[in-house]
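One structure is given below, encoded as structure tokens.
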Amino acid sequence: MSEMAAWSELFDFRGKVAVVTGGAAGIGEGIARRLAAQNASVVVADVDEAKGRATSQAIASLGPGRPLFVRTDVSDPAAARELVATTVHERGRLDLLVNNAGIFPFAPALDVTPELWDRVININLRGTFFLTQAAARQMKAQGSGGSVVNIASVDAMHPTGQLSPYDASKGGVRMLTRSLAVELAPLGIRVMRSLRARSRRRAPPR
775 MSEMAAWSEL
785 FDFRGKVAVV
795 TGGAAGIGEG
805 IARRLAAQNA
815 SVVVADVDEA
825 KGRATSQAIA
835 SLGPGRPLFV
845 RTDVSDPAAA
855 RELVATTVHE
865 RGRLDLLVNN
875 AGIFPFAPAL
885 DVTPELWDRV
895 ININLRGTFF
905 LTQAAARQMK
915 AQGSGGSVVN
925 IASVDAMHPT
935 GQLSPYDASK
945 GGVRMLTRSL
955 AVELAPLGIR
965 VMRSLRARSR
975 RRAPPR
């Protein structure tokens, strides 16, 4: 058996339903495509409806299940609950949540406004918690456990400047992941993090 074939067999998500936030483009799209290629039924969640629908259509050819996009503002706990409810209504269950949605607007610390601080924290940290909460409630009700993957950042350990709200949010995600991993483990729900290497390109807030 080739190394690629062995890898594909080890990470076969056949019969599993996965939600990827921020799945319309970039890292999120890459995660959604890989999960679909590994036979997961993928739900793309994003605030960008046009790109989100296009991505969900594109990955439909890679794996099982019809395209499913759910427009979701992760900073809104009600939207998080609606995302989970729609996923279960359309796909019957939820097995994997990837908390990928996030923003990293550059700003010197002396220029950060309360509005900018709140926006970054609400999307990157608050959104991660309440989406995990909604997903974990569903996973508990299913009785079969599940997995949550939080996309953190190297900036959580090695800040590089002009990203204080982002760095604080990702440091929070790092500790939140550890806290939830301990608390949700008895329910058979694994919570883990993956680090992203953030580009130094100055991306505007989404």
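Numbered by this note's numbering, the letters in the sequence shown go through residues 775 to 980 in order.
Beta carbons are placed, not taken as given, at the ideal position from N, Cα and C, and that holds for glycine.
Because the structure is a prediction, the values reported are computed rather than measured.
Where residue i and residue j are concerned, what is the direct C-alpha to C-alpha distance, given to the nearest angstrom?
| i | j | result |
| --- | --- | --- |
| Gln916 | Ala881 | 43 Å |
| Asp847 | Phe785 | 29 Å |
| Phe878 | Gln831 | 27 Å |
| His863 | Ala828 | 22 Å |
| Ala819 | Leu884 | 34 Å |
| His932 | Arg900 | 22 Å |
| Ala854 | Arg865 | 16 Å |
For residue i, I'd like the list of residues in its chain whose CB is within less than 7 Å of its CB, leaving aside the five on either flank, ordered along the chain.
| i | result |
| --- | --- |
| Phe903 | Leu950 |
| Ile833 | Ala806, Arg807, Ala810, Val816 |
Taking the beta strand (DSSP E) that residue i falls in, what are its first and last residues?
| i | result |
| --- | --- |
| Arg845 | 843 to 845 |
| Ile982 | Lying before the first or after the last residue shown, residue 982 is absent from the chain, which here runs from 775 to 980. |
| Leu871 | 870 to 873 |
| Thr795 | 791 to 795 |
So the alpha helix (DSSP H) residue i belongs to, where does it begin and stop?
| i | result |
| --- | --- |
| Thr951 | 938 to 958 |
| Ser830 | 823 to 833 |
| Thr902 | 901 to 916 |
| Ala806 | 800 to 811 |
Given 8 Å as the limit, is there contact between the segment 898 to 915 and the segment 949 to 969, that is, 3 or more CB pairs closer than that? As far as the Cβ criterion goes, the segment 898 to 915 touches the segment 949 to 969, which means the pair count is three or higher.
Do the segment 822 to 839 and the segment 891 to 900 make contact, defined as three or more Cβ pairs closer than 8 Å? With a cut-off of 8 Å, the segment 891 to 900 and the segment 822 to 839 do not count as touching, because too few Cβ pairs lie within range.
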